[in-house]
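Asks: The following block contains the structure, expressed as structure tokens.
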Amino acid sequence: MKKLFFAACIMMVCSSQTLTAQSKASAKVQTMDSKSSMLKSLWNKMVQGMVANGTPKAKTEKFADCFTKDLGEKLTPEELTLFYKLNNVKPGQNPPKELIRKAEDMGINEKMQTIGMSCASLLK
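Quick note on numbering: the sequence shown equals residues 8 to 131 in the numbering used here.
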């Protein structure tokens, strides 16, 4: 009877560890999905804006590819989420002060000074 109880306990511990590992993997996939979704949305917005301002579409797409790749590599998921929120403020509205303060606290302004620097040559 003790062996049966011990075996049941081991099975419960193993299955709970498996479930924990699966939930962590699921959370990571969800974060990656949302990250890629944010980057794709930013890419689309960038291309639309630059084409509307007269930049040729081919150059714009290459620049947007480079810039969003750099964003994805240099910003943490939290920073990228905040950057995404700041870039999705409706035209004519100022971003909420809490978002600006949070961006300043995270140092996003400093990071943004180096992001995409190698991409500028693609627009020539």
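Positions of the beta carbon are idealized from the N, C-alpha and C atoms, including for glycine.
Just so you know, these numbers come straight off a predicted model, no measurement behind them.
1) Could you tell me which of Lys66, Asn94, Glu80 sits nearest to Lys118, measuring between CA atoms?
2) Look up Thr75 in the DSSP assignment and say whether it is helix, strand or coil.
3) Straight-line CA distance for Asn51 to Ser128?
4) Can you tell me whether Asn101 is helix, strand or coil according to DSSP?
5) Just mark Pro84 as buried or exposed, buried being the case when its beta carbon has 16 or more other beta carbons within 10 Å.
6) Could you compute how far the alpha carbon of Phe74 sits from the alpha carbon of Glu86?
7) How close, in whole Å, do the beta carbons of Leu3 and Leu106 come, if the pair is a contact with beta carbons under 8 Å?
8) DSSP three-state call for Gly123: helix, strand or coil?
9) Short of 8 Å in beta carbon distance, which residues of its chain neighbour Lys66, apart from the five on each side in sequence? Order them along the chain.
10) Which residues in the same chain as Phe70 place their Cβ atom closer than 6 Å to its Cβ, once the five residues preceding and following it in sequence are excluded?
Replies: In terms of the structure at hand:
1) Start at 1 with the first residue of the sequence shown, and residue 118 comes out as number 111. The candidate whose alpha carbon is nearest that of Lys118 is Glu80.
2) Counting from one through the sequence shown, the residue named residue 75 turns up at place 68. Reduced to three states, the DSSP call for Thr75 is helix.
3) Taking the sequence shown and counting its residues from 1, one reaches residue 51 at position 44. Taking the sequence shown and counting its residues from 1, one reaches residue 128 at position 121. Rounded to the nearest angstrom, the two C-alpha atoms are 20 Å apart.
4) Looking up residue 101 in the sequence shown gives position 94. Coil, per DSSP.
5) Here residue 84 refers to the residue found at position 77 of the sequence shown. Exposed, since its Cβ has fewer than 16 Cβ neighbours within 10 Å.
6) Working through the sequence shown from its first residue, we reach residue 74 at position 67. Working through the sequence shown from its first residue, we reach residue 86 at position 79. If you take the alpha carbons of Phe74 and Glu86, they lie about 15 Å apart.
7) Within the shown structure, residues of the chain are numbered from 8 to 131, placing residue 3 beyond reach of any answer.
8) The residue you call residue 123 lines up with position 116 of the sequence shown. Here Gly123 sits in coil by DSSP.
9) Within the sequence shown, residue 66 is the residue found at index 59, counting from 1. Only Leu129, Leu130 meet the Cβ criterion.
10) Sequence index remark: in the sequence shown, residue 70 carries index 63 (1-based). Excluding its 5 nearest sequence neighbours in each direction, Phe70 has C-beta neighbours in its own chain below 6 Å: Cys126, Leu129, Leu130, listed in chain order.
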